[in-house]
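Down below is the structure, laid out as structure tokens.
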Amino acid sequence: MKIYTKTGDIGETSLFGGRRVLKSELRIESYGTVDELNSWIGLVRDVTTDIATRELLKEIQDRLFTLGSVLAAGSDKQAEKAPDLHELDIERLEKAIDAMDEKLEPLRNFILPGGHVHVSYCHIARTVCRRAERLTVALHQTSELHPLIIKYLNRLSDYLFTLSRMMAKDLGAEEVNWLPRK
296 MKIYTKTGDI GETSLFGGRR VLKSELRIES YGTVDELNSW IGLVRDVTTD IATRELLKEI
356 QDRLFTLGSV LAAGSDKQAE KAPDLHELDI ERLEKAIDAM DEKLEPLRNF ILPGGHVHVS
416 YCHIARTVCR RAERLTVALH QTSELHPLII KYLNRLSDYL FTLSRMMAKD LGAEEVNWLP
476 RK
């Protein structure tokens, strides 16, 4: 099988099920952004030395592939089906957030992304996650999606934010508070 098919040369692609759509459609933007997020999480996983975090990030990547396949469904009936995504997946993220929060100083201000390149990668993943969430919410307004998809993306962005703070702490990077100009 060749990697190129030439079927997308006029700006169209096929959804699961074979329906042809423009590459600019909201559904394509949604799962394309989930794919972008998955790549950023792969980069975060590559720079993370903590074994448990690496394993959770790999699991997250698996869940995102599942989520992307649901978003790539060619019909609303396929997309409405419960994905291989469970409340336990969300609870796992929450437990990881809680465990990191126990080790972090309480958040008193907004913080500026940065401080170390690894922390910055995590913040980029978080912002791409938020974009994926926004696009998926917009898609949900026209095509019914299972509510776990949006819930998972929302909790994942919280996890990535907390992970960025944990990485900053572990790396000895300064967390810079945002202080508005007076």
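According to the working numbering, the sequence shown holds residues 296 to 477 in order.
The beta-carbon is built from N, C-alpha and C at its ideal position, and this holds for glycine as well.
Just so it is clear, the structure is predicted and the values come from calculations on it, not from any experiment.
Per the DSSP secondary-structure output, Ile-406 pairs in a beta bridge with Asn-472. Between Leu-352 and Thr-343, the CB-CB gap stays under 8 Å. Its Cα nearest to that of Asn-333, the residue Leu-448 stands out among Ala-468, Pro-408 and Leu-448. Setting aside the 5 residues that flank it on each side, Arg-426 is surrounded in the same chain by Thr-328, each with a C-beta closer than 6 Å to its C-beta; the list follows chain order. Where Gly-337 is concerned, the enclosing alpha helix (DSSP H) starts and stops at 321-342. When secondary structure is reduced to three states using DSSP, Asp-357 falls in the helix class.
For Ser-459, the enclosing alpha helix (DSSP H) stretches over residues 442-466.
If you ignore the 5 residues before and after Ser-415, its C-beta comes within less than 8 Å of the C-beta of Pro-408 and Gly-409, all in its own chain and listed in chain order. Of all C-beta pairs linking the region 388-404 to the region 457-469, three or more are shorter than 8 Å, placing the two stretches in contact.
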